[in-house]
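All remarks here apply to the structure that follows.
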Amino acid sequence: MSKISRVVGAIAGVVAIVGYATGNPGLAGAATAVAALSSTAAQIAQKKPPMRGSTSTILIGANLPMPYAMGRTYASASLIYDVGYGGTDNPYRSMVFVWSGAGPIKGIEAFQSDFATVAFDGGTAGKPAGNATGYYRDFLRLSTQLGATPEAAALAGPFGAIPAWGAGQKLSGYAAGLVTATFDKKGKRFASGLPQLGAIVNGVLVYDPRQDGTYPGGSGACRPRQEATYVWDGPPLAMAAGENPGCHGVTYAMGRHQGPAGKMVFGCGFAPEAIDWPAWVRFMNLCDMNGWKIGGTIFEPGSKWDNLKRICAAGGGEPVFAGGKLSVKFNEPRIALDTITRDDLADGEVQVQAMKGWRDRVNAVVPRYRSEAHRWDMVQAAAVKSSAYIAEDGEEKVIERPFDLVQDKDQAARLAAYELVNGREIGPIILPCKLRLIEYRIGDALTVDLPDEGLDGQPCVIVGRRIDPVAGMIELTLESETAAKHAFALGQTGIAPPTPSLLSAEQLDAAAEQAALIALQAALRTSTARNLTVEGRNGPPAQIELSGFQIDYTGFGVVSVAGPTVLNVSGAGTYYLYADADALGDAAPVIGATTNYPSAFNSAAAPRRVFLGQSVVVPGSGSPPTGGTGSGGGYGGGSNP
């Protein structure tokens with residue numbers, strides 16, 4: 009038995025099969041010696057790993073499921089090649105790990121041994137390579153690729169040719185690494201076998217319609233199903249698109265395409281025309297606003313629909329079909345778009361389930377998420393519970409909810425809180441309606457005013473719809489919408505919203521006022537300015553002059569703001585411009601300027617604020633006037649110091 013077998017550990021028995029099949033006696037001999045270990049022989053006889061795979065363990069074998077890394081995450085990978093070589097003692101062991109398919113990925117942040125980062129003396133940022141530094145110097149070497157299509161060359165080892173590995177093994181489209189361990193004659197390194205090897209990666213690139221100049225309101229070169237245009241970074245002032253659950257959801261839904269023929273290698277394969285883009289863009293913006301990121305690995309083959317649901321769940325969403333297109337429903341503060349009255353009902357039965365049955369109700373949800381602090385394992389966070397719900401039910405009723413692609417405890421807790429409060433909504437409410445309401449879709453909010461059914465001005469959300477062309481009607485399925493639940497779920501208050509009552513007008517009034525402010529703030533956060541020019545003058549007095557411009561109010565449209573507007577300021581310096589609006593569509597907002605950059609943005613202290621995407625320098629005495637900087641469009645532009 010070779011020293012590398014005794015000290016470094018068993019080499020995968022599948023190598024022996026490769027050696028005999030290729031007629032390579034050196035490879036076959038080395039592998040046969042290792043295959044004598046009973047543990048390796050047992051591994052060969054094991055069943056295939058589950059298609060779902062694992063993020064924190066290494067998969068070994070042939071025809072492994074393809075990993076697909078999203079966001080910033082740990083990828084321990086699939087081990088697809090493993091061989092000992094270098095003479096009779098086999099002093100070298102080279103292993104090829106695949107971290108993600110559908111490449112290229114953004115980059116490899118760190119290579120890790122037993123979850124501790126190992127530095128190397130070569131490579132570039134996002135692509136470590138060379139000889140290890142520190143403890144593993146001269147005993148661990150690395151070559152990496154990000155998964156370009158095609159890759160320029162196959163991964164190469166540091167000690168010449170590797171048996172049965174050559175130019176034909178480029179692994180184009182796969183983010184991968186070739187790791188070579190060297191036998192330590194002193195028996196110090198690898199004394200108990202190889203450590204767990206893995207990498208923290210920034211995963212696959214995505215399509216972002218907000219960065220697509222052909223999409224209404226978009227700006228940039230991103231194009232659907234053109235992988236070379238896909239991005240990692242987000243729009244200005246937004247989080248990375250490569251960490252946005254909405255961007256990943258729609259990209260996976262369209263599928264990943266590689267090669268000259270654009271062959272689909274991963275994902276669902278929906279045509280761009282079959283996707284409800286406005287809903288997905290709203291979902292992306294909500295994830296930005298809440299700071300909800302995706303991180304983790306999924307695998308194929310397996311259920312593509314389940315994978316899509318896991319992706320959307322990282323942002324509190326769920327894929328649905330609406331109007332014959334793939335849409336997404338999610339939790340967000342909403343304003344009712346219309347009112348359903350008795351006059352809107354068609355022939356048919358009105359069905360109202362006042363509350364979910366006692367057996368189906370829960371009052372505590374234990375979220376599970378993937379924790380970097382716990383070696384990227386799935387761990388439980390503290391239960392999210394409501395004492396009011398527990399009192400109503402008479403006992404604590406707990407469920408566990410895993411969020412496979414969430415890596416932040418606060419995000420997991422807030423998503424669990426949404427699941428808790430949504431379980432207390434009234435529904436389903438099934439209403440046969442006249443075709444006047446056909447334009448409303450899943451996720452739209454409507455007020456239901458049917459006092460005879462116990463629905464007295466009740467805010468509701470459409471969760472299903474069915475058109476009956478023969479009867480000339482549309483059947484809407486709704487659930488009640490309690491505005492206060494959003495503040496509770498997002499951590500803005502410490503108490504749970506009350507369980508909705510069918511006839512509680514006082515409660516509805518209070519909730520509506522809070523919902524309006526939350527919805528207004530959510531819309532103003534993503535509203536943007538257009539066609540704004542500014543000039544700073546030293547005075548005296550020191551002044552900033554703004555031209556007339558437009559504000560694109562999210563959910564309302566573009567409104568012109570008359571100009572010029574002249575602001576007197578305290579003196580020389582860099583100023584950031586904003587507008588405080590009373591409502592969506594306000595054409596005469598209060599214009600202001602501040603030298604404190606964060607103060608120019610929408611916040612809890614300034615919930616009606618729109619950042620105008622501009623900064624301007626007011627020069628000192630004797631200097632000529634200066635113009636502003638920043639785009640004044642998109643996601644705010646501006647000059648960020």
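Every position in the sequence shown, counted from 1, becomes a number in my numbering once 8 is added. Glycine included, each C-beta is placed from N, C-alpha and C at the ideal position.
Same chain only: Cβ atoms within 6 Å of residue i, ignoring 5 sequence neighbours per side
{"i": "Ala118", "result": "Thr125 and Ile208"}
{"i": "Asp457", "result": "Thr347, Thr349 and Gly465"}
{"i": "Val3", "result": "There is simply no residue 3 to check, as the chain begins at 9 and stops at 649 in what is shown."}
{"i": "Ala424", "result": "Val373, Pro375, Val392 and Arg409"}
{"i": "Arg218", "result": "Gly226 and Pro243"}
Residue i in three-state terms, based on DSSP
{"i": "Phe329", "result": "strand"}
{"i": "Phe167", "result": "coil"}
{"i": "Leu316", "result": "helix"}
{"i": "Gly275", "result": "coil"}
{"i": "Asp594", "result": "coil"}
{"i": "Pro75", "result": "strand"}
{"i": "Asp7", "result": "The chain is shown only over 9 to 649; residue 7 falls outside these bounds and no answer can be derived."}
{"i": "Glu487", "result": "strand"}
{"i": "Gly304", "result": "strand"}
{"i": "Phe411", "result": "coil"}
{"i": "Ala261", "result": "helix"}
{"i": "Cys670", "result": "Here the chain has residues from 9 to 649 only, and residue 670 is not among them."}
{"i": "Arg616", "result": "coil"}
{"i": "Leu532", "result": "helix"}
{"i": "Gln388", "result": "strand"}
{"i": "Asp588", "result": "strand"}
{"i": "Gly323", "result": "coil"}
Cβ-based neighbour list, residue i, same chain, cut-off 7 Å, excluding 5 preceding and 5 following
{"i": "Pro549", "result": "Asn576"}
{"i": "Gly420", "result": "The identity of residue 420 in the sequence shown is Ala, whereas the question assumes Gly. Excluding positions up to five away in sequence, the list reads Pro375, Tyr377, Ala389, Phe411 and Val414."}
{"i": "Thr562", "result": "Ala531, Thr534 and Ser535"}
{"i": "Arg422", "result": "Ala497, Leu498 and Gly499"}
{"i": "Gly206", "result": "Tyr82, Ala83, Ser84, Ala85 and Gln120"}
Status (buried if at least 16 other CB within 10 Å, exposed otherwise) for residue i
{"i": "Val469", "result": "buried"}
{"i": "Ala589", "result": "buried"}
{"i": "Glu281", "result": "exposed"}
{"i": "Arg533", "result": "buried"}
{"i": "Asp352", "result": "buried"}
{"i": "Tyr586", "result": "buried"}
{"i": "His494", "result": "buried"}
{"i": "Glu408", "result": "exposed"}
{"i": "Tyr143", "result": "exposed"}
{"i": "Leu475", "result": "Per the sequence shown, residue 475 should be read as Ile rather than Leu. Exposed is the call here."}
{"i": "Glu235", "result": "buried"}
{"i": "Gly277", "result": "exposed"}
{"i": "Gly480", "result": "exposed"}
{"i": "Arg367", "result": "exposed"}
Nearest to residue i (by Cα), restricted to the options the options
{"i": "Tyr89", "options": "Leu186, Arg218 and Asp216", "result": "Leu186"}
{"i": "Gly134", "options": "Gly115, Phe128 and Asp146", "result": "Gly115"}
{"i": "Asn610", "options": "Leu439, Ile526 and Pro99", "result": "Ile526"}
{"i": "Cys230", "options": "Glu403, Gly206 and Cys255", "result": "Cys255"}
{"i": "Leu498", "options": "Arg449, Glu427 and Ala399", "result": "Glu427"}
{"i": "Pro75", "options": "Gln204, Thr305, Thr188 and Glu326", "result": "Thr305"}
{"i": "Thr485", "options": "Asn339, Pro244, Val358 and Ala160", "result": "Val358"}
{"i": "Ala183", "options": "Lys193, Ser151 and Phe167", "result": "Ser151"}
{"i": "Asp220", "options": "Trp285, Glu251, Leu245 and Val106", "result": "Trp285"}
{"i": "Val214", "options": "Ala249, Ala322 and Ala608", "result": "Ala249"}
{"i": "Gly155", "options": "Ala595, Pro136 and Ser180", "result": "Ser180"}
{"i": "Asp296", "options": "Gly331, Thr541, Glu251 and Tyr583", "result": "Glu251"}
{"i": "Ser395", "options": "Ser108, Met386 and Lys405", "result": "Lys405"}
{"i": "Asn604", "options": "Asp146, Pro615 and Phe619", "result": "Phe619"}
{"i": "Thr490", "options": "Arg473, Asp460 and Ala523", "result": "Ala523"}
{"i": "Ser108", "options": "Arg473, Trp384, Pro572 and Arg80", "result": "Arg80"}
N- and C-terminal bounds of the beta strand (DSSP E) containing residue i
{"i": "Ala140", "result": "Lys135 to Ala140"}
{"i": "Ser86", "result": "Ser86 to Tyr93"}
{"i": "Lys114", "result": "Ile113 to Ser121"}
{"i": "Met292", "result": "That residue, Met292, is in no beta strand (DSSP E); its alpha helix (DSSP H) goes Trp285 to Asn298."}
{"i": "Leu148", "result": "Leu148 to Gln153"}
{"i": "Asn546", "result": "Careful: Asn546 lies outside any beta strand (DSSP E) and carries neither H nor E."}
{"i": "Phe128", "result": "Phe128 to Thr132"}
{"i": "Ile398", "result": "Not the beta strand (DSSP E): Ile398 falls in the alpha helix (DSSP H), residues Ser395 to Asp401."}
Boundaries (first-last residue) of the alpha helix (DSSP H) holding residue i
{"i": "Ile343", "result": "Unbroken run through Ile343: none, as it is neither H nor E."}
{"i": "Ala421", "result": "Lys417 to Asn430"}
{"i": "Ala495", "result": "Ala492 to Ala497"}
Residues near residue i by beta carbon distance below 8 Å, same chain, minus five either side
{"i": "Val566", "result": "Arg538, Gln558, Ile559 and Asp560"}
{"i": "Ile319", "result": "Met78, Pro253, His256, Gly257, Tyr260, Ile302, Ile306 and Leu413"}
{"i": "Gln551", "result": "Gly544, Arg545, Val574, Leu575, Asn576, Val577 and Val626"}
Residue i beta carbon near the ligand ZN (any heavy atom closer than 7 Å)
{"i": "Ala613", "result": "This structure lacks the ligand ZN; in fact it carries no ligand of any kind."}
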